[in-house]
Amino acid sequence: MTAIRNIVILTGAGISAESGLRTFRAEDGLWEDHRVEDVATPHAFRRDPELVQRFYDLRRENVLAAQPNPAHQALARLDREWPGELLIVTQNIDDLHERAGAQRVLHMHGEALSAWCTACDARHHWTGTLLDSPPCPACGAAALRPDIVWFGEMPYEMERIFAALARADLFVSIGTSGAVYPAAGFVQQAAGHGARTLELNLERSLGSSMFDETRLGPASEIVPAWVEEVLR
Ligand code: BJW
14 MTAIRNIVIL
24 TGAGISAESG
34 LRTFRAEDGL
44 WEDHRVEDVA
54 TPHAFRRDPE
64 LVQRFYDLRR
74 ENVLAAQPNP
84 AHQALARLDR
94 EWPGELLIVT
104 QNIDDLHERA
114 GAQRVLHMHG
124 EALSAWCTAC
134 DARHHWTGTL
144 LDSPPCPACG
154 AAALRPDIVW
164 FGEMPYEMER
174 IFAALARADL
184 FVSIGTSGAV
194 YPAAGFVQQA
204 AGHGARTLEL
214 NLERSLGSSM
224 FDETRLGPAS
234 EIVPAWVEEV
244 LR
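In short: position in the sequence shown from 1, add 13, done, that's the numbering used here.
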């Protein structure tokens, strides 16, 4: 087996579940209260901006109240101690990887604590509400929306992600159901370039059979154990 130097880690809602943030597709998931098409598409935002702003104002509040768990902390340790290339590509909009201390993090589906001005294209760190239509700090327009990638929109930094996948010796997917593309296809891309692939999840994902290995359990247990093994 080739020595591992370059690692790409994909994280999903499952890594933050034990921090108290609800996942999407579980029975008690976020979208049990909302239809996806009512809150996570540009069309929904045009049709009912107040509903969408209220949904994300609440999500922002939840993110601010949450704390990183041992899985985030273990990945932050790996980021600090891994001498080779490493990229944590998260689908999550929370900032728990960063608050645990990880630096090599990319938010492909946007960030809860960021507001995007559709008038001047500026992005602002945002911890307050957007429902009350505050002015953009850069141009003054009342045109701020959550800086979130909705269905039908292009995820962020795809070129950088594909380049990292092409160089990866190891691809690890943590706490994601494999229901949403393009992230669900990363395992095939990495494997196609020769990477070993590992899934860490509470339950098998939709694409589980595409991984070389699957380890099942809560992220707060299986992620620290895996990091310990990699750094040994
Ligand atoms: C635990 C745990 C514990 C729980 N420990 N684990 C037809 C076919 C194929 C594709 C398409 C299609 N029609 C349309 C598309 C494209 C579409 C898509 O994929 N649709 C599918 C529904 C089919 N995708 C898009 O539109 C994307 N854009 C796009 O494709 O642009 C074109 C393009 C082309 C080529 C290259 C590049 C681009 C945009 C997708 C945007 C997704 N946005 C959302 C919402 C916004 C963020 C937010 O509000 O937070 O992002 S959707 C939602 O799902 C969110 C998540 O990031 C994403 C993934 O969810 P995740 O993280 O997997 O959560 P769950 O709940 O599904 O799973 C949780 C997992 O955790 C489970 O597996 C549990 O077992 C596990 N777990 N507790 C460990 N304690």
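We treat Cβ as the ideally placed atom computed from N, Cα and C, and that holds for glycine.
Query: DSSP state of N75 mapped onto helix, strand, coil; Result: helix
Query: Proximal residues to H138 (C-beta, below 7 Å), its chain only, five neighbours per side dropped; Result: L126 and S127
Query: heavy atom of ligand 1 below 8 Å from N214 C-beta; Result: yes
Query: Heavy atom of ligand 1 within 8 Å of H122 beta-carbon; Result: yes
Query: Inter-residue Cα distance where the pair is W239 and L23; Result: 14 Å
Query: Nearest to S32 (by Cα), restricted to the options A79, L229, I20 and V52; Result: A79
Query: Straight-line gap, G191 to A197 (C-alpha atoms, nearest Å); Result: 5 Å
Query: R48 versus R35 - alpha carbon distance; Result: 15 Å
Query: Straight-line gap, A154 to C130 (C-alpha atoms, nearest Å); Result: 8 Å
Query: DSSP state of W129 mapped onto helix, strand, coil; Result: strand
Query: Nearest-angstrom Cβ-Cβ length linking A89 and G123, presumed shorter than 8 Å; Result: Actually they do not touch by this definition, with Cβ atoms about 21 Å apart.
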